[in-house]
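Residues 15 to 677, numbered by the numbering used here, are exactly what the sequence shown covers, in order.
For each residue, glycine too, the CB sits at the ideal point set by N, CA and C.
What follows is a short report on a single structure.
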Amino acid sequence: MEGYIFHNLCEEDLRPLFGLRNLSVLNLGVNFLQHVNLSVFRNFHNLSLISLIDNRLTFTSPIRRQECRSGVLSDEGNRREGPYIHTNEQFRNYPPFTKPECLATGPVLDLSRNNIYQINPIFFTGAENITCLNLASNFIASYFNGTEFAHFPKLKYLDLSHNRVYMRSDLALNELKELEVLDLSHNNHYFEVAGVRNTLTFLENLQFLKVLNLSWNEINTLTNKTLRSDSLKELQFQANRLDIMWKKDCGFNGLFKSLSNLTHLDISLNKLSEIPDNIFSYFPCTLKYLGMSRNTLSDFEWEQLKYLPQLETLDLSKNKLRKVTRKLSKHTNSLRVLDLSHNLIVTLNHSFLKDVKSLMILNIAFNHLKHIRDTSFQTGSDHYLRKLNLQRNPIHCSCDLLDFILWLEKSDTVLPLLATDILCDLPESKRGHPMVSLDFKNACINNSIDQILYVLTSSIIIAMMSTTITIHVFYWDISYIYNFWRAKIKSYYLKTTTDCTYDAFVMYDTKDPMVADWVLNHLRFELEDRGRGVRPLCLAERDWTPGTPIMDNLNQSVHRSRKTIFVLTEGFVHSGIFKMAAFLAQQKLLEEGVDVMVLVLLEPVLRQSRILNLRRCLCGQSVLEWPRNPAAEGWFWQSLRNAVRFESQGVQSKMFKNYFSGR
């Protein structure tokens, strides 16, 4: 029933809901309620949450009967279209602002974000079954004397955060005999007013209190020098002023000493720049968690950990620590989690974790670690280190890291974000690269092999430079001698064997009429009719045997011809028959060592083919392009006749397998 907007809530308004025995959550928030009688909720059978948040309740005057008759505001003739049902099922069960710890205690009454400025027990009758009361974000400014919550005998969870509560009475909250959780955070108003006396002696009367939240109160002094409680297990003391309270002659060193069962203490955000000598000796020896993050500590006295024999978690993150202890095992044997992230630590001693058997999680992310040694994390064969956070450190990726990498490969320790956030800072060329992406083994092992490779590569470089200089100086002499002996030993000659029926087999796109016309009326005419010594040609449309499979005709044409001319167009180079003919010509190259391919480019194709460009360089006479200038056509036909007429020896190489792949 959220957002219906009515000033008063009376029994008659809720009567239709009394019979709903399975109703567990009643949300009456954001209705601008000014008056409500809490006793009306006694008529429900199974309510676990009553939410009255974001209203205008003050609980200063009783509701009158005549007010119940005209409590609903008029919509000025506009009809309400229907109730809004939240799509999130979890929201419908319990509003997201309701704390799970509160719900776990039992029935909840949520009066947060109203206009309550004092607690008058007269107006809180009918709430005897409530175990969790939320009064956060109101204007409560009165002090408690032990009578305000008399109608909440079963209350276990009380939230008074974000108010102006003034604690000065020893009897405050004395009536809450079963209270387990008390939240007094964000009540800093009277703690900051000079001359106002505040006391927390009432804690002694809360025999079942387990959790106390005093965070964000700027507490800098109290009338009582010590907090006393035999039941308290968790104390949140964040964002206060221990830096003032722990000064000399203030007498607050023993503030937590009498919390005999305390296991969880968080004193983060207390502006501590240093820790007083032996301050931990005043802490309860039962502590298992100690949070000191987000202070300004530049040094930490590790020796004081001996006063906390049961400590399991120590949070020193987000301080200004520059160094750590040389050997952690000298000071503690119980620590399981150590958080040193977001500090200024430059190095870790090689025996930092030596003989430490209890530590499972170590977080040193976001520090200034440059050199990491494996010995810093080797805790022996029976170590328990399972998680190591090293993210965002300016690591120098040199051979000094090799031992750490080898240790990491053998260890069961997990490094979160190893491939993304543990990056190299030096050398410059590897900055920003993941540490694990570098091959330290090949780079740093076997220095003798490195020396041999160095000598070998140096010799090769010197030899290449000498050869280059010699060729540059004696180029014409060497060129003359080379061409002379090449002409002597291996000259171009006219193929006169009688094994070949045709001088050339012409492959072209028979489906393209323009290409077919060019081949039959121009290429054939120039090579057969006008050509001298070049005849005959094998043409698919003229010389293939009808009824014979294409593969047989293609195989016979390639092997019975001295040359294979490929007339290349954009559509033809992607056809299957072209690729098959190219493979057959290549096979002839591999078997006989003779290059039989002549490429005629009617269109600019295979521009990105590195093999075609290499062929232009090595045997340019076998790659011809149809000239754009008509005056050069005579030269083109003569070049084609020469390419068909003369023989060129090929070299067996893997490169010929990729002539037309474009790679």
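Burial state of THR112, where buried means 16 or more other Cβ atoms lie within 10 Å: buried
Cβ shell of CYS458 (< 6 Å), same chain only, five flanking positions each side left out: CYS413 and LEU416
Validate contact between the region 122-138 and the region 61-77 using beta carbons, cut 8 Å, 3 pairs: yes
DSSP three-state assignment for THR327, whether helix, strand or coil: DSSP, read as helix, strand or coil, puts THR327 in strand.
Short Cβ contact (7 Å threshold) for THR300 with THR277: yes
Those runs of the beta strand (DSSP E) which lie wholly inside the region 524-592 and span at least 3 residues: For the beta strand (DSSP E) assignment, the uninterrupted runs of no fewer than 3 residues enclosed by the region 524-592 are, from N- to C-terminal side, 551-553 and 575-582.
ARG677 classed as buried or exposed, judged by whether at least 16 other C-beta atoms fall within 10 angstroms: Residue confidence for ARG677 is low, a pLDDT of 43 falling below 50, so the modelled location carries little weight and cannot support an answer.
Among LEU541, SER348 and ALA155, nearest to LEU367 - alpha-carbon criterion: SER348
Buried versus exposed, by CB contacts within 10 Å (16 or more), THR482: exposed
Cβ separation of ALA4 and ARG406, assumed to be a contact under 8 Å, to the nearest whole Å: In the structure as shown, the chain starts at 15 and stops at 677, and residue 4 therefore has no counterpart that could be examined.
Start-to-end residues for the alpha helix (DSSP H) that takes in ILE419: 416-424
Local Cβ density within 10 Å of ASN456, reported as buried at 16 or more and exposed below that: exposed
Which listed residue (TRP421, GLY446 and THR427) has its alpha carbon closest to that of CYS411: GLY446
Residue environment, TYR489, which counts as buried when at least 16 other CB atoms sit within 10 Å: exposed
Of the listed residues LYS262, SER312, VAL619 and GLN318, nearest to LYS337 (C-alpha basis): Cα-wise, what sits closest to LYS337 is SER312.
GLN252 versus ALA150: straight-line alpha-carbon distance, rounded: Cα to Cα, the separation comes out at about 18 Å.
Contacts around PRO641, its chain only, beta-carbon distance under 8 Å, and the 5 residues preceding and following it disregarded: Once the five neighbours on either side are set aside, the close Cβ partners of PRO641 are GLU647, TRP649 and PHE650.
Per DSSP, the bridge partner or partners of PHE294: Bridge partners of PHE294: none, in fact.
Straight-line gap, GLY120 to THR145 (C-alpha atoms, nearest Å): 5 Å
4 or more residues per run - each alpha helix (DSSP H) lying fully within the region 101-152: 103-107 and 114-117
Limits of the beta strand (DSSP E) - the one that PHE20 falls within: Run containing PHE20: none; DSSP gives neither H nor E here.
Cα-Cα separation between ARG69 and PRO167, rounded to whole angstroms: The question names Arg, but residue 69 in the sequence shown is Asn. The alpha-carbon atoms of ASN69 and PRO167 are separated by roughly 25 Å.
Where HIS49 sits in the DSSP three-state scheme: strand
Ordered list of alpha helix (DSSP H) runs contained in the region 143-231, each at least 4 residues: 203-206
Contact the region 277-297 vs the region 237-256: 3+ CB pairs below 8 Å: yes
Proximal residues to HIS382 (C-beta, below 6 Å), its chain only, five neighbours per side dropped: LEU358 and VAL360
Rounded C-alpha distance that separates HIS356 from GLN221: 39 Å
Proximity to TYR171 [Cα-Cα], best of PHE216, ASN148 and SER156: It is ASN148 whose Cα lies nearest to the Cα of TYR171.
Residue from ASN45, ASN143 and ASN377 with nearest C-alpha to ARG127: ASN45
DSSP beta-bridge partners of ILE64: LEU40 and LEU123
Exposed unless 16 or more other CB atoms sit within 10 angstroms - verdict on LEU34: With a threshold of 16 other beta carbon atoms within 10 Å, LEU34 falls short and is exposed.
Neighbourhood of SER62 by C-beta, 6 Å cutoff - its chain only, sequence neighbours within 5 removed: SER38 and PRO121
Alpha-carbon spacing of LEU362 relative to LEU354, whole angstroms: 12 Å
Neighbour-count burial assignment, ASN244, 16 or more Cβ in a 10 Å radius: It should be noted that the sequence gives Asp, not Asn, for residue 244. Counting Cβ neighbours within 10 Å, ASP244 comes out exposed, since fewer than 16 surround it.
Own chain partners of SER53 with C-beta closer than 7 Å, once the 5 adjacent residues on each side are dropped: A distance below 7 Å between beta-carbons, with the five flanking residues on each side excluded, links SER53 to the following residues of its chain, in chain order: THR139 and GLY140.
Backbone CA spacing between LEU639 and HIS486 [nearest angstrom]: Checking the displayed sequence, the identity of residue 639 turns out to be Glu instead of Leu. The alpha-carbon atoms of GLU639 and HIS486 are separated by roughly 33 Å.
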